[in-house]
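**Q** Numbering (the working numbering), first residue to last: 2 to 204.
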Amino acid sequence: MINVPIDPKERLNYLLDLAWSIFINRLALGRINVNKESSMQLHYASFIHNLGELMCLDKSDVFKIELEHSYENKNVDIVCYYNDFKAAIELKCFRKSSNRATDNDMYDVLKDIEKLMNFNNFAVKRFVCLTDNPYYINVQHSGQAEIVSTSQGTLYYHDVPIVPTWVEKRQEKSRDRTLQFKHDVGFEWLKEKNWYYLNMRLE
Numbered sequence: 002m003i004n005v006p007i008d009p010k011e012r013l014n015y016l017l018d019l020a021w022s023i024f025i026n027r028l029a030l031g032r033i034n035v036n037k038e039s040s041m042q043l044h045y046a047s048f049i050h051n052l053g054e055l056m057c058l059d060k061s062d063v064f065k066i067e068l069e070h071s072y073e074n075k076n077v078d079i080v081c082y083y084n085d086f087k088a089a090i091e092l093k094c095f096r097k098s099s100n101r102a103t104d105n106d107m108y109d110v111l112k113d114i115e116k117l118m119n120f121n122n123f124a125v126k127r128f129v130c131l132t133d134n135p136y137y138i139n140v141q142h143s144g145q146a147e148i149v150s151t152s153q154g155t156l157y158y159h160d161v162p163i164v165p166t167w168v169e170k171r172q173e174k175s176r177d178r179t180l181q182f183k184h185d186v187g188f189e190w191l192k193e194k195n196w197y198y199l200n201m202r203l204e
């Protein structure tokens, strides 16, 4: 028999992991389609919502979910509540077909991780990234991409600032800010068929 955790925080983590497992397997097997971050958000949030309701075992249990939740003047992709415990989830989805600026994408990954780490009042903090482009994982990045690399096994230390090499060299300044993490972060990607993903616990 599968035992549902009694501890509310662990139950919240359990349902997030189970929702992701269902999501990634349905995606890998072609049951659902994801073409950008918004469709990823919709499907994953739907599974979280359904499982969250099922995890309300006691008559006093309460589960709620919000998309694009405003917190400290920042949007959070998914926020969910199980009784007195709250989870913040940031999502990224990079499709190979979109021909994106990959160094910008990798900076945005690091920025979201930093943002989550700096949030207070969340018992659970998750960063989830999905891609079908092996460039983010299997390439030894160089040039401007090296300082913001997300490749497999990359480790960022909490006491080492991440300073983009393009600072003051671009007209667009939104990605010039130096980043720094509250604790060490390592990139350990997993794969299901043609999809790579991260599912980081950051609390």
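Glycine included, each C-beta is placed from N, C-alpha and C at the ideal position. Please read all numbers here as calculations on a predicted model, not as lab measurements.
Can you give the beta carbon distance from Leu19 to Leu52, rounded, assuming they're within the 8 angstroms contact cut?
**A** Confirmed, Cβ separation roughly 6 angstroms.
**Q** With a CB to CB cut of under 8 angstroms and the five nearest residues on each side skipped, what residues in its chain are close to Arg127?
**A** Correct list, in chain order: Leu17, Ala88, Ala89, Ile90, Glu91, Leu117, Asn200, Met201, Arg202 and Leu203.
**Q** Put Ile66 into one of helix, strand or coil per three-state DSSP.
**A** Note: Ile66 maps to strand in three-state DSSP.
**Q** Could you have a look at Asn105 and say whether DSSP puts it in helix, strand or coil?
**A** Asn105 falls in the helix class under three-state DSSP.
**Q** Sorted by chain position, which residues of the same chain lie with C-beta nearer than 6 angstroms to Cys57's C-beta, five sequence neighbours on each side aside?
**A** These residues qualify, in order along the chain: Phe64.
**Q** Nearest CA to the CA of Val161: which residue from His184, Ala146 and Glu169?
**A** Ranking His184, Ala146 and Glu169 by Cα distance to Val161 puts His184 first.
**Q** With DSSP run on the structure shown, which of helix, strand or coil describes Asn76?
**A** Strand.
**Q** Let me check understanding here. Comparing Cα to Cα, which of Phe123, Ser150, Lys192 and Ile3 lies closest to Val77?
**A** Closest by alpha carbon: Phe123.
**Q** Would you report the Cα separation of Arg32 and Lys112, rounded to the nearest angstrom?
**A** One C-alpha to the other measures close to 31 angstroms.
**Q** Identify the residues that DSSP records as bridge partners of Cys94: which are they?
**A** Answer is Leu131.
**Q** Quick test of your reading: Ile49 and Ile79, contact by CB under 8 angstroms. State the CB separation rounded to the nearest angstrom.
**A** Indeed, because the Cβ distance is near 7 angstroms, the residues count as touching under 8 angstroms.
**Q** I believe Ser152 touches Ile138 by the beta-carbon criterion, under 8 angstroms. Please report the beta-carbon distance rounded to the nearest angstrom.
**A** Confirmed, Cβ separation roughly 6 angstroms.
**Q** Alpha carbon to alpha carbon, how far is Ser47 from Ile7?
**A** In a straight line, the C-alpha of Ser47 is about 23 angstroms away from that of Ile7.
**Q** Taking the alpha-carbon positions, what's the Asn4 to Ile66 distance?
**A** Looking at the two C-alpha atoms, the distance is approximately 23 angstroms.
**Q** What three-state label does DSSP hand Trp21 in the structure shown?
**A** Helix.
**Q** Relative to the alpha-carbon of Val110, which residue among Trp21, Pro9 and Phe182 has its alpha-carbon at the smallest distance?
**A** It is Phe182 whose Cα lies nearest to the Cα of Val110.
**Q** Give every residue of the same chain whose Cβ lies closer than 6 angstroms to the Cβ of Glu194, excluding the five residues on either side of it in the sequence, and list them in chain order.
**A** Sequence inspection shows Lys at residue 194; the Glu mentioned does not correspond to that position. Only Ala29 meet the Cβ criterion.
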